[in-house]
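Chains as they are written, first to last, in full-length UniProt numbering: chain A, 1 to 255; chain B, 1 to 255.
Glycine residues also receive a C-beta, built at the ideal position from the N, C-alpha and C atoms.
Values in this document were obtained by computation on a predicted structure and should not be read as measured data.
Protein chains: 2
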Amino acid sequence: MCELLGMSANVPTDICFSFSGLLERGGNTGPHKDGWGITFYEGKGCRTFKDPEPSCRSEIAKLVKAYPIKSVSVISHIRQGNRGPVCLENTHPFTRELWGREITFAHNGQLSNYQDLQPEHYRPVGNTDSELAFCWLLDKIRQKYPSCPSNMTDVFRYAAKLSQTLREKGVFNMLLTDGVYVLAYCSNNLQWITRRAPFGKATLIDADMMIDFQKETGPNDVVTVIATRPLTNDERWKKMQPGESALFKLGELVS
Amino acid sequence: MCELLGMSANVPTDICFSFSGLLERGGNTGPHKDGWGITFYEGKGCRTFKDPEPSCRSEIAKLVKAYPIKSVSVISHIRQGNRGPVCLENTHPFTRELWGREITFAHNGQLSNYQDLQPEHYRPVGNTDSELAFCWLLDKIRQKYPSCPSNMTDVFRYAAKLSQTLREKGVFNMLLTDGVYVLAYCSNNLQWITRRAPFGKATLIDADMMIDFQKETGPNDVVTVIATRPLTNDERWKKMQPGESALFKLGELVS
Chain A
1 MCELLGMSAN VPTDICFSFS GLLERGGNTG PHKDGWGITF YEGKGCRTFK DPEPSCRSEI
61 AKLVKAYPIK SVSVISHIRQ GNRGPVCLEN THPFTRELWG REITFAHNGQ LSNYQDLQPE
121 HYRPVGNTDS ELAFCWLLDK IRQKYPSCPS NMTDVFRYAA KLSQTLREKG VFNMLLTDGV
181 YVLAYCSNNL QWITRRAPFG KATLIDADMM IDFQKETGPN DVVTVIATRP LTNDERWKKM
241 QPGESALFKL GELVS
Chain B
1 MCELLGMSAN VPTDICFSFS GLLERGGNTG PHKDGWGITF YEGKGCRTFK DPEPSCRSEI
61 AKLVKAYPIK SVSVISHIRQ GNRGPVCLEN THPFTRELWG REITFAHNGQ LSNYQDLQPE
121 HYRPVGNTDS ELAFCWLLDK IRQKYPSCPS NMTDVFRYAA KLSQTLREKG VFNMLLTDGV
181 YVLAYCSNNL QWITRRAPFG KATLIDADMM IDFQKETGPN DVVTVIATRP LTNDERWKKM
241 QPGESALFKL GELVS
């Protein structure tokens with residue numbers, strides 16, 4: 001299995017604090033030692049840092065932890081491989097272009113009997129069930145919406161509906177973003193928290209690290225963090241239900 | 001204008017030496033301060049580091065320079081923007097998936113009257129002439145080869161032929177790779193060198209740095225480096241002619 005981390009914010013925000021907690025689970029406080037990745041959106045563009053090395057001892061992860069890249073939409077993943085060997089092409093997140101937009105995806109779980117997923121337009125590069133499911137999702141979306149619709153909420157609602165089909169094949173917790181919206185779909189383990197004024201303090205579960213958000217944020221900032229398991233031990237995270245989806249736009253829950 | 005750097009090798013090789021020289025041209029010994037990027041292939045996967053910051057003072061560039069990622073195919077680019085503002089989505093290299101393979105592209109030059117390039121299958125995310133040309137190239141390749149042909153040399157020969165059409169629209173020096181082959185197409189400025197035993201020493205033009213390749217390589221290593229301008233001052237680089245292409249497979253010139 002793996003762990004997911006996502007962020008949706010109304011102002012470009014760094015994710016160093018949450019990412020620091022996640023990284024510890026990549027071979028230190030957790031067993032997810034089979035690579036890690038993180039995708040940051042900046043404007044219409046995005047950039048991904050990934051490494052098949054365990055995140056707790058990755059040089060690139062150290063840089064990402066220390067260098068505050070500010071973004072309104074972030075997806076991250078640490079991997080404990082099940083389907084597909086440990087290598088770069090099997091490392092999440094995965095990104096594909098659709099309608100001239102970068103779409104990024106990461107998955108936690110495991111699917112069975114997924115051989116009937118045969119995407120034509122998008123093809124997996126690696127051999128994970130996750131990338132195959134992502135290609136299938138995008139194929140279905142592209143079939144239904146050959147050009148970019150004016151209402152992106154509909155697209156993400158459709159992605160959540162398609163995720164129900166994938167959940168029937170096993171465990172399918174996932175994060176999907178186009179850089180403006182972040183969709184969280186829960187199969188069994190996914191929780192989220194929205195931070196806004198008045199901001200408080202929070203302490204990481206996995207590392208000896210505390211943050212006072214009041215010192216780090218503006219009064220109008222809204223920042224949602226989504227994770228497989230809560231990253232802090234002194235905040236109230238909302239646990240999602242099996243089959244539930246949550247769509248965030250720039251920090252706010254919209255659907 | 002911009003500068004290109006490519007590498008094709010028969011064993012996974014780091015590009016730290018050449019990349020160090022290129023980086024200096026990104027705002028220090030050269031004017032290419034509008035971002036930089038580098039894509040490394042490892043197996044079927046690839047990873048890209050990019051930054052709209054000038055390479056000579058980019059934290060991420062420092063990491064890439066110091067951390068020897070070993071690869072058989074690398075494409076890098078430093079940008080001095082002409083078409084399209086300085087932002088992440090306009091930063092080369094660009095990567096798209098075709099037939100389940102990652103294809104990566106970077107361009108040096110400037111095109112005019114490119115509005116008739118209207119790719120349907122692949123769409124640009126940013127607004128550079130370069131990414132549009134790349135999408136158009138991939139569209140054409142996909143039309144001609146709906147599935148992956150057994151002979152990839154044909155595909156790259158076709159890409160070189162298409163590049164002739166693009167050269168008619170302006171300056172089109174480019175590098176294109178699928179991780180096994182690296183195609184260099186010259187419009188006006190592109191040079192390459194193949195290093196093999198007996199290896200010698202080389203000195204960078206843009207930084208106070210010398211390397212003794214004999215100490216860094218095995219006796220059977222073959223490493224080709226392609227660049228807009230020679231990076232070393234004590235080796236003989238082969239200058240390509242306008243309209244000339246060179247296709248390398250794992251270090252060796254094959255077409």
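Practice task
Measure the CB-CB distance between Trp-237/A and Gln-191/A and report whether it falls below 8 Å.
Solution key: Reading the first sequence from its first residue, position 237 is the one you call residue 237/A. Reading the first sequence from its first residue, position 191 is the one you call residue 191/A. Yes, Cβ-Cβ distance for Trp-237/A and Gln-191/A is below 8 Å.
Practice task
Could you tell me the distance, in whole angstroms, from the CA atom of Gly-251/A to the CA atom of Pro-149/A?
Solution key: For the purposes of this step, residue 251/A is identified with residue 251 of the first sequence, where counting begins at 1. For the purposes of this step, residue 149/A is identified with residue 149 of the first sequence, where counting begins at 1. Roughly 22 Å between the two C-alpha positions.
Problem - Contact check, Gly-126/B vs Glu-89/B, beta carbons under 8 Å - result: Residue numbering aside, residue 126/B sits at position 126 when the second sequence is read from its first letter. Residue numbering aside, residue 89/B sits at position 89 when the second sequence is read from its first letter. With contacts defined as CB atoms closer than 8 Å, Gly-126/B and Glu-89/B qualify as a contacting pair.
Problem - For Tyr-67/A, the three-state DSSP class (helix, strand or coil) - result: Translated into the one-based positions of the first sequence, residue 67/A becomes position 67. Here DSSP, grouped into helix, strand and coil, assigns Tyr-67/A to coil.
Practice task
Report the option in Glu-120/B, Pro-119/B and Leu-132/B whose CA atom is closest to the CA atom of Gln-110/B.
Solution key: Taking the second sequence and counting its residues from 1, one reaches residue 110/B at position 110. Considering only alpha carbons, the answer is Leu-132/B.
Handout entry: With 16 other Cβ atoms within 10 Å as the buried cut-off, status of Thr-153/A
Key = Start at 1 with the first residue of the first sequence, and residue 153/A comes out as number 153. Exposed, since its Cβ has fewer than 16 Cβ neighbours within 10 Å.
Problem - N-terminal and C-terminal residue of the beta strand (DSSP E) that Asp-212/A is part of - result: Here residue 212/A is taken as the residue at index 212 of the first sequence, counted from 1. Annotation for Asp-212/A: the continuous beta strand (DSSP E) segment containing it runs 210-212.
Exercise for the section: Return the bridge partner residues of Gln-191/B from the DSSP annotation. Expected result: Looking up residue 191/B in the second sequence gives position 191. For Gln-191/B, which the question treats as bridged, DSSP gives the partners Ala-227/B and Lys-239/B.
Exercise for the section: Please decide whether Lys-44/B counts as near chain A, where near means a Cβ-Cβ distance under 8 Å. Expected result: Here residue 44/B refers to the residue found at position 44 when the second sequence is read from its first residue. Output row for Lys-44/B: interface = yes.
Exercise for the section: Would you give the residue range spanned by the alpha helix (DSSP H) that Leu-166/B belongs to? Expected result: The residue you call residue 166/B lines up with position 166 of the second sequence. That run of the alpha helix (DSSP H) goes 152-167.
Problem - Residues in the segment 208-222 of chain A having any Cβ partner in chain B nearer than 8 Å - result: Considering only beta carbons, no part of the segment 208-222 of chain A lies closer than 8 Å to chain B.
Exercise for the section: Closer than 9 Å by beta-carbon distance: list the chain B residues that pair up with Lys-50/A, in chain order. Expected result: Counted from its first residue, the first sequence places residue 50/A at position 50. The contacting residues are Gly-45 and Arg-47.
Exercise for the section: Figure out for me which residue from Ala-197/A, Thr-39/A, Arg-142/A and Met-209/A has the closest Cα to the Cα of Pro-219/A. Expected result: Reading the first sequence from its first residue, position 219 is the one you call residue 219/A. Ranking Ala-197/A, Thr-39/A, Arg-142/A and Met-209/A by Cα distance to Pro-219/A puts Ala-197/A first.
Practice task
For Leu-176/A, return the contacting residues in chain B, with the cut-off set at a CB-CB distance below 9 Å.
Solution key: By 1-based counting over the first sequence, the position of residue 176/A is 176. By Cβ distance, chain B contributes nothing, its closest Cβ being about 17 Å from Leu-176/A, past 9 Å.
Practice task
Entirely within the segment 22-83 of chain A and at least 3 residues each: give me those beta strand (DSSP E) ranges in chain order.
Solution key: Those beta strand (DSSP E) runs which fall completely within the segment 22-83 of chain A and span 3+ residues are 36-42, 45-51 and 71-79.
Handout entry: Nearest-angstrom beta carbon gap, Leu-22/A and Leu-231/A [assumed within contact, 8 Å]
Key = Mapped onto the first sequence, residue 231/A falls at position 231. Mapped onto the first sequence, residue 22/A falls at position 22. The Cβ separation is near 7 Å, so the contact holds.
Handout entry: Min CB distance Leu-132/A to chain B below 8 Å
Key = Locating residue 132/A in the first sequence gives position 132, counting from the first residue. Chain B, which has no Cβ nearer than 8 Å to the Cβ of Leu-132/A, makes this no.
Exercise for the section: Using a Cβ cut-off of 8 Å (strictly closer), state whether Ile-60/A contacts chain B. Expected result: Walking along the first sequence from the start, residue 60/A turns up at place 60. Closer than 8 Å to some Cβ of chain B, the Cβ of Ile-60/A qualifies, so yes.
Exercise for the section: Give a yes or no on contact between the segment 206-216 of chain B and the segment 6-24 of chain B, applying the rule of three or more CB pairs nearer than 8 Å. Expected result: Using a C-beta cut-off of 8 Å, the segment 206-216 of chain B makes contact with the segment 6-24 of chain B, since at least three inter-stretch Cβ pairs fall below that distance.
Handout entry: Closer than 8 Å to chain B by CB, Pro-93/A
Key = Translated into positions along the first sequence, residue 93/A becomes position 93. Taking Cβ atoms only, chain B never reaches closer than 8 Å to Pro-93/A, which makes this a no.
Practice task
Report the residue from Arg-229/B, Tyr-122/B and Cys-46/B whose alpha carbon sits nearest the alpha carbon of Trp-136/B.
Solution key: Looking up residue 136/B in the second sequence gives position 136. The shortest C-alpha separation from Trp-136/B is found at Tyr-122/B.
Handout entry: Exposure label - Asp-139/B; buried when at least 16 CB within 10 Å
Key = Counting from one through the second sequence, the residue named residue 139/B turns up at place 139. Burial call: buried.
Problem - Under 7 Å by beta carbon: chain B residues contacting Arg-123/A - result: Within the first sequence, numbered from 1, the residue matching residue 123/A stands at position 123. Against chain B, the beta carbon of Arg-123/A has neighbours under 7 Å at Glu-97, Trp-99 and Gly-100, listed in chain order.
Practice task
Would you mind sorting Lys-215/B into buried or exposed? The rule is 16 or more other CB atoms within 10 Å of its CB.
Solution key: Working through the second sequence from its first residue, we reach residue 215/B at position 215. The residue is exposed, with fewer than 16 neighbouring Cβ atoms inside 10 Å.
Handout entry: Residues that Gly-81/A contacts on chain B, provided the C-beta gap is smaller than 8 Å
Key = Mapped onto the first sequence, residue 81/A falls at position 81. Neighbours of Gly-81/A on chain B: none; closest Cβ ~14 Å, over 8 Å.
Handout entry: CB contact below 8 Å: Tyr-67/B versus chain A
Key = Position 67 of the second sequence holds residue 67/B. Yes, Tyr-67/B lies at the interface with chain A (some Cβ there is under 8 Å from its Cβ).
Practice task
Scan the segment 86-122 of chain B and note each continuous beta strand (DSSP E) run of 3 residues or more that stays entirely inside, going in chain order.
Solution key: Contiguous beta strand (DSSP E) elements confined to the segment 86-122 of chain B occur at 94-98 and 101-108, taking only those with 3 or more residues.
Handout entry: Assigned secondary structure, Glu-244/B (DSSP; H/G/I helix, E/B strand, else coil)
Key = Within the second sequence, the letter at position 244 stands for residue 244/B. Note: Glu-244/B maps to coil in three-state DSSP.
Practice task
Please state if the CB of Val-74/A and the CB of Met-174/A are separated by a distance shorter than 8 Å.
Solution key: For this step, residue 174/A is matched to residue 174 along the first sequence. For this step, residue 74/A is matched to residue 74 along the first sequence. Not a contact, by the Cβ cut-off of 8 Å.
Practice task
Report yes if the CB atom of Gly-30/B is closer than 8 Å to the CB atom of Lys-50/B, and no otherwise.
Solution key: As a first step, residue 30/B is located in the second sequence; it is residue number 30 there, counting from the start. As a first step, residue 50/B is located in the second sequence; it is residue number 50 there, counting from the start. The answer is no: Cβ separation not under 8 Å.
Problem - Run of the beta strand (DSSP E) containing Leu-250/B, from where it starts to where it stops - result: Residue numbering aside, residue 250/B sits at position 250 when the second sequence is read from its first letter. Neither: Leu-250/B is in no beta strand (DSSP E) and is coded neither H nor E.
Exercise for the section: Report the neighbours of Glu-89/A on chain B: residues whose CB is nearer than 7 Å to its CB, in chain order. Expected result: Here residue 89/A is taken as the residue at index 89 of the first sequence, counted from 1. Correct list: Gly-43, Lys-44 and Gly-45.
Handout entry: C-beta contact flag for Thr-13/B and Lys-65/B at 8 Å
Key = The count along the second sequence starts at 1 and reaches residue 13/B at position 13. The count along the second sequence starts at 1 and reaches residue 65/B at position 65. Using a Cβ distance threshold of 8 Å, Thr-13/B and Lys-65/B do not count as a contacting pair.
Exercise for the section: Assess, as a yes-or-no matter, whether the segment 169-184 of chain B is touched by the segment 100-110 of chain B under the definition of 3 or more beta carbon pairs within less than 8 Å. Expected result: Counting C-beta pairs with one atom in each stretch, the segment 100-110 of chain B and the segment 169-184 of chain B have three or more that are closer than 8 Å, which means they touch.
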